[in-house]
Amino acid sequence: MDIATGLEIASKATTLVAGITTFLKSALSSGDPANANEKVAEALEKLGELQDVIFGLREDRVKLQDENHNLKAQIKKLEDWKVKAAPYQLLQTAGGAVVYHSDGPPDHFACPSCYESHKIQILQSDDMFCYFVCHGCKTGYQIKNPPPQAGGGGFWN
Ligand SMILES: [Zn+2]
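Plus 1 on top of the position in the sequence shown (first one is 1) and you've got the working numbering.
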């Protein structure tokens, strides 16, 4: 329920209460038992409508409380992520990989794919010292340049 709908329902409830009050005052002041019975019957009908409105408002209140609870949980989760992600900056490493980096301690790199999913996965050095792997999504990143080989051969040859 949005605010406009809530105001519309509250306005309807107020109108119903005013109508009930008018019927009952009219019944009391008429002095005619037949007319009083008719007015009381109309007032009871309006009370039934008011009860329906109140039940609807209770249901809406429960929905709004659930929605509020869920939104607060989402805000908390985003705030927690913001604090956790704050020390990381996106950079391009010497090996050409674009990853997140934190000065730590300890100084480390984090997986950019997992970062987008609001997870910090610290990249771990693979057997080869210039290549790092995310153990969350199994993606590898070349963090460092391979050392030059003696005799002119490349590292990968
Ligand atoms: Zn990853």
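In this text, a Cβ means the ideal position worked out from N, Cα and C, and glycines have one as well.
Remember, predicted model here, so these are calculated numbers, not experimental data.
Same chain only: Cβ atoms within 6 Å of residue i, ignoring 5 sequence neighbours per side
i, result
"Pro88", "Ser103"
"Leu91", "Tyr101"
"Leu25", "Ala44"
"Ser27", "Lys40"
"Gln93", "Val99"
"Ala74", "none"
"Ile76", "none"
Beta-ladder partner(s) of residue i, from DSSP
i, result
"Ile123", "Ala111"
"Ser103", "His109"
"Phe133", "Ser126, Tyr142"
"Leu91", "Tyr101"
Residue i CB to nearest heavy atom of ligand 1 below 8 Å
i, result
"Ser114", "yes"
"Gln125", "no"
"Gln93", "no"
"Thr140", "yes"
"Gln122", "yes"
"Cys135", "yes"
Same chain, Cβ closer than 7 Å to residue i, five either side skipped, listed in chain order
i, result
"Asn71", "none"
"Leu58", "Ile10"
"Val18", "Leu51"
"Gly96", "Cys131, Gln143, Ile144, Lys145, Asn146"
Chain-order list of residues whose beta-carbon lies under 8 Å from that of residue i (same chain, five-residue window excluded)
i, result
"Pro113", "Leu91, Val99, Val100, Tyr101"
"His109", "His102, Ser103, Ile123, Leu124"
"Gly141", "Asp127, Tyr132, Phe133, Val134, Cys135"
"Ile21", "Ala44, Lys47, Leu48, Leu51"
Query raised in the report: Is the region 53-65 close to the region 24-40, with three or more CB pairs under 8 Å?
Result: By the Cβ rule, the region 53-65 does not count as touching the region 24-40, because fewer than three pairs are nearer than 8 Å.
Query - the region 124-141 / the region 74-88 touching (three or more Cβ pairs under 8 Å) - result: The answer is no - the region 74-88 does not touch the region 124-141, with fewer than three Cβ pairs under 8 Å.
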